[in-house]
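Shown next, in structure tokens, is the structure this report addresses.
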Amino acid sequence: MLNLQQEDALKEYMNMFIGQASSLLSEIVDKKIILTLPQIMLLNLEQPEDLLRYSEVRPTLFNSHVVSSIIEFGKRFSGNARLLFPKDKAQVLAHLCLGEDYEAVDDGELTDVDFDVIREIGNVILNSVLGGIGNLLDLKLEYTFPKVQVCFFPEEEEAILFNKETHVMVICNTFSFEDTQLDGAIVMVFNMSSTIELIKKIDEVLVDIDG
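Position one of the sequence shown corresponds to residue 37 (this note's numbering), numbered consecutively onward.
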């Protein structure tokens, strides 16, 4: 849906705001946290070429049980955003943020404390991403406080991603701190008019860059 130049421009732009999220998370947990965005895609999964690309680069975590922190936003620019981690990695991340030994983490259920940590991480990262998009659109987005859910993603994938007249932004992200690296993903679902407005603004950024 986006050409390579548009994707590169969007990735470079969003990395500025992910950098802000990294700094804020580092302050919260008193540890150096680095967030990177190795890949970003805007897809219309009703289009065969976009569906093919999605199948080729679909994050491996989408095959597992995941923990997702979810925010809904509107009104002029509307949709929802999810920060997803594999369930076992989310538990590791929560323990690391709490300063606990991650090697001692078992495969049991997430605790209320784990959920609180994941919710706060989602709040910081998704607010940064949405803030970046709002800044790009010159628009103050209204959004909800994040809620946290656990699901087996393959069972929910169609309902989350394959809605008619919506477009999906998939942002692969990596957490690096101490000796640990965790892969996650941000999934944003937009309606048609919101997608058109976003692409228009990306093109305006490219015009400014090209001079």
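Here a beta-carbon is modelled for each residue, glycine too, at the ideal position from N, C-alpha and C.
What are the boundary residues of the beta strand (DSSP E) that includes residue i?
{"i": "PRO74", "result": "70–79"}
{"i": "LYS183", "result": "183–188"}
{"i": "MET205", "result": "202–213"}
{"i": "ASP198", "result": "Correcting the residue type first, residue 198 is Phe in the shown sequence and not Asp. Segment: none, PHE198 is in no beta strand (DSSP E) and carries neither H nor E."}
{"i": "ASP219", "result": "216–227"}
{"i": "SER62", "result": "Where SER62 is concerned, there is no enclosing beta strand (DSSP E), although the alpha helix (DSSP H) it sits in stretches over 40–65."}
{"i": "PHE109", "result": "101–110"}
Distance, Cα to Cα, residue i vs residue j?
{"i": "ARG155", "j": "VAL184", "result": "6 angstroms"}
{"i": "LYS237", "j": "VAL160", "result": "24 angstroms"}
{"i": "LEU242", "j": "LEU146", "result": "44 angstroms"}
{"i": "SER91", "j": "GLY55", "result": "29 angstroms"}
{"i": "ALA126", "j": "ASP148", "result": "13 angstroms"}
{"i": "ASP124", "j": "PHE188", "result": "12 angstroms"}
{"i": "ILE235", "j": "LYS200", "result": "19 angstroms"}
{"i": "PRO95", "j": "ASP86", "result": "15 angstroms"}
{"i": "MET37", "j": "GLU63", "result": "37 angstroms"}
{"i": "LEU175", "j": "PRO190", "result": "34 angstroms"}
{"i": "PHE254", "j": "CYS208", "result": "Look at the range of the chain in this structure, 37 to 247, and you will see that residue 254 is not part of it."}
{"i": "LYS67", "j": "PHE121", "result": "20 angstroms"}
{"i": "LEU172", "j": "SER229", "result": "16 angstroms"}
{"i": "LEU197", "j": "ALA57", "result": "25 angstroms"}
{"i": "VAL65", "j": "LYS47", "result": "26 angstroms"}
{"i": "LEU88", "j": "VAL186", "result": "27 angstroms"}
{"i": "ILE222", "j": "LEU132", "result": "21 angstroms"}
Can you have a look at residue i and say buried or exposed, based on whether 16 or more other CB atoms are within 10 angstroms of its CB?
{"i": "ARG118", "result": "buried"}
{"i": "MET205", "result": "buried"}
{"i": "ALA195", "result": "exposed"}
{"i": "MET224", "result": "buried"}
{"i": "LEU134", "result": "exposed"}
{"i": "ILE107", "result": "buried"}
{"i": "MET93", "result": "Here residue 93 turns out to be Val, not Met, going by the sequence shown. By the 10 Å Cβ count, VAL93 comes out exposed."}
{"i": "LEU40", "result": "exposed"}
{"i": "THR231", "result": "buried"}
{"i": "ASP150", "result": "buried"}
Can you give me the Cβ contacts of residue i inside the same chain, cut-off strictly under 6 angstroms, excluding the 5 residues immediately before and after it?
{"i": "ASN51", "result": "LEU73"}
{"i": "ASP219", "result": "THR210"}
{"i": "GLY158", "result": "SER105, LEU119 and PRO182"}
{"i": "ILE212", "result": "What sits at residue 212 in the sequence shown is Ser, not Ile. Here the set comprises ILE70."}
{"i": "HIS101", "result": "LYS123 and PHE188"}
{"i": "PHE226", "result": "GLY115 and HIS203"}
Would you mind reading off the limits of the alpha helix (DSSP H) that contains residue i?
{"i": "PRO84", "result": "84–93"}
Tell me which same chain residues have a C-beta within less than 8 angstroms of the C-beta of residue i, skipping the five on either side of it?
{"i": "GLU43", "result": "ILE76, MET77 and LEU78"}
{"i": "PHE109", "result": "GLY115, ASN116, ALA117, LEU166, LEU177, GLU178, TYR179 and THR180"}
{"i": "LEU60", "result": "VAL160 and SER164"}
{"i": "LYS111", "result": "GLU178"}
{"i": "ASP239", "result": "GLN42"}
Segments of 4+ residues assigned as alpha helix (DSSP H) that fall wholly inside the stretch 117–168
123–133
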